[in-house]
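Numbering (the working numbering), first residue to last: 655 to 1287.
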Amino acid sequence: MRLKTQLLIASVMVALISPLSAFAQPVAKGVWLGNEAGAAKTPPMGWNSWNAFRTEVDEDKVMGAAQALVDDGLAKLGYTYVNLDDGWWRKRRLTDGRMIVRTSIFPSADTPDGNTSFRPFTDRLHAMGLKAGLYTDVGRNACSQAFDLHSPNLPEGTAEERQVGLDGHVEQDINLYFGEWGFDYLKVDACGLADFAPDSKLVKDNGYIGLKPEIYRDAINRTDDASVQKRYARVAAALKAANPDQDYVFSLCDWGMADVRSWGKDVGSSWRTSSDITPNWSSMLHNYDSVAKRALYAGPGHWNDPDILFIGEGEFDAGHLTEARSHFSLWAMMSAPLLISYDLRKAPTVLLDIWRNADLIAVDQDPAGNQATIAYDSDDAQILVKTMADHRKAVALFNRTASPVTVTLLASHLKLRDDAPVELVDLWSKAKSEFTGQLAVKLAPHETQVFSASGSRELADGVYLSEIPGAINVADDGVKTPVPDPTIHRMIDPWAGTTSGSARPQYAGWGGAQADTTPYGQALQVAGQHYESGIGVLGNSLLQVKNTGGYSSFRATVGVDDSTQNRAHPVTFSVYADGKLVTKTPPMKFGDHPRDIVADIAGHKIIELVSASEAAANELPVVVTWGSARLEK
């Protein structure tokens, strides 16, 4: 078992690190690098205990939520995971390192030998047709031990006994949680790597054993990205070893830190992209923004996670149904995990009707796995478009503001012909309508209207790459140094208020690959030629595309984008099919006329797009455009 685990760790680390080490000259791989292990072929759905109960959780509350999932028809719609968050543990037994359950709140875990076991708990959930999820931390200590010090359910005992995280016990704990206890889902937090510095007041006051931070919440450049990646990769390997049937979900939770947006897709089923959501509009905007422009990094088996739903509380309660519907609509368009976190034993019908919107659930769970891309972007309103497996579109018109706005939807936003009718079905009201060319829609404050749209496609026998982000793996996006993303909404800190000095950007991702725009939010343009569709990325990048639709040709018009700040270095564009070079341009520099690329990909499964330049690591990156990049029959 130890040798198998070591081999799995090595294989995960090769997949994780290899693309990142080839900045100078990216190399086509010929094999798909994005994570497809585990059970999350579509975004996980279910219930999580945290927002509802924090650490004040117990068996009756969790089983009450599970029964409500079944009785209220939520389980039949896909809400099957029942996830127990922080607060379940009592201690780690020092004689053998075994985790001991707090049986005072989970009495079914009591055993005559004192070992405790969650197996009766998970067996009950499985008998109900549900699945069971558990929480832990990748470090030594958990988040509650830093931020919920008032809780009666904190781990107890000596400093060593209170070290309930995975550090030093990865394989032991994973085998216990999945092999012996029968869990199906694991959420792995990272407070243990961020908040327990040896000289900190927290550690001194509470008698913890400190751990030198590997994550610095306020300093991206001080965070040890490689070490954090390695820790999560080891957990991934242990999960694979403990689950031969691969029926598990691995949820990473380091809040967008350690540049997880670039490697989470290679390791986990989902990865948090932001801090914890709170029940207010500003927090929701912040979390939504952290995923909204990362569509190319998600897809079947690996999903951006803006955190669990907070519908039912605060500005998303039964008195704020417009905001609650927007919250749900945006998560569905983002292909985000849909995890209810509310005391379902007392849920009113108006909230249940939001969670039970089967049409929006279908948008979230569409098997193509295409996260919506942004067809129109502003601080006031956005238009989000998602291509479904059957080539229909889901489109959301989102009013970010507290004032009414009018949004004009164009057929071209949907990549549909503007001279043919477009049929719409409102996914909330179910009303049907039709327009040709464009349609003006009035949105109330904070309103999001979502439609299913069908019409004549611009590409009758093809698809733009920007329509199918779920079929793309950004193996290397050319970003050499993680940079805070300035486009994410900066809320007032819900914990520190205005005492912290400023709500500065802290999540990396600025400069990542984008659909229909450059990595820095500019229009795609080469030597004055504008492209409505395409992929914007940095030089020295590698994009992988799955050709599962039987397409025979790849076409694009390529060049150095007019927006680039580095005008000195030429770029060579290459297309590979299943690892073999199909076509290659001569070096192209800033100002050169764009070149058409046509590549025969018939019968090939993995198409790889490489842009290579001689730009050094300490230079500004070169911005490149794959204009009108598309697959055709």
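Note that the Cβ used here is the ideal one computed from N, Cα and C, for glycine as well.
Reference residue i; option with closest CA among the options
i	options	result
residue 966	859, 946, 935	935
residue 943	1121, 931, 954	931
residue 1173	1021, 950, 1014	950
residue 1054	1029, 1098, 681, 1266	1098
residue 1104	703, 1170, 986, 712	986
residue 780	736, 1206, 1009	736
residue 1279	1188, 1200, 859	1188
residue 1120	1056, 771, 857, 1168	1168
residue 864	686, 847, 1002	847
residue 979	995, 1005, 960	1005
residue 634	1240, 1118, 822, 1201	Nothing can be reported for residue 634, as the shown portion of the chain is limited to 655 through 1287.
residue 1127	1198, 1066, 1135	1198
residue 1035	925, 1074, 1096, 1152	1096
residue 791	765, 1170, 822	822
residue 691	771, 829, 921, 1093	921
residue 1204	1178, 1258, 1076	1258
Local Cβ density within 10 Å of residue i, reported as buried at 16 or more and exposed below that
i	result
residue 876	exposed
residue 1102	buried
residue 756	buried
residue 1149	exposed
residue 812	exposed
residue 716	buried
residue 745	buried
residue 977	buried
residue 1277	buried
residue 1252	exposed
residue 1146	exposed
residue 1256	exposed
residue 748	exposed
residue 1000	exposed
residue 696	buried
residue 758	exposed
residue 1158	exposed
residue 1088	exposed
Reduced DSSP secondary structure (H/G/I, E/B, other) of residue i
i	result
residue 676	Residue placement at residue 676 cannot be trusted, given a pLDDT of 37 that sits under 50; the coordinates are not used to answer.
residue 832	helix
residue 701	strand
residue 1287	coil
residue 1036	strand
residue 870	coil
residue 772	coil
residue 1280	strand
residue 909	coil
residue 925	strand
residue 1264	strand
residue 883	helix
residue 996	coil
residue 1230	strand
residue 624	This structure gives no information on residue 624, because the portion of the chain shown stretches from 655 to 1287.
residue 938	helix
residue 717	helix
residue 1075	strand
residue 695	coil
residue 1070	strand
residue 979	helix
Sheet register partners of residue i (DSSP bridge)
i	result
residue 786	736
residue 956	953
residue 1303	Because residue 1303 is not part of the residues shown, which for the chain are 655 to 1287, the question remains open.
residue 1028	1038
residue 1051	1037, 1103
residue 1294	Residue 1294 lies beyond the residue range present for the chain, which begins at 655 and ends at 1287; the question has no answer from this structure.
residue 1213	1279
residue 1184	1179
residue 1140	Looking at the DSSP assignment, residue 1140 forms no beta bridge with any residue, so it has no partner.
residue 964	For residue 964, which the question treats as bridged, DSSP gives no partner whatsoever.
residue 1191	1278
residue 1063	1093
residue 1253	1208
Cβ-Cβ separation, residue j to residue i (assumed contact under 8 Å), whole Å
i	j	result
residue 705	residue 962	6 Å
residue 826	residue 751	6 Å
residue 1219	residue 1263	With a Cβ gap of about 22 Å, residue 1219 and residue 1263 do not count as contacting.
residue 1211	residue 1265	Wrong, their Cβ atoms sit about 14 Å apart, outside the cutoff.
residue 1191	residue 1132	6 Å
residue 851	residue 869	Wrong, their Cβ atoms sit about 11 Å apart, outside the cutoff.
Cβ-heavy atom distance, residue i to the ligand SAH, below 7 Å
i	result
residue 891	The model depicted lacks the ligand SAH and carries no ligand whatsoever.
Residue i at chain D interface by Cβ criterion, 8 Å
i	result
residue 1105	Absence of chain D from the displayed structure is noted, only one protein chain being present.
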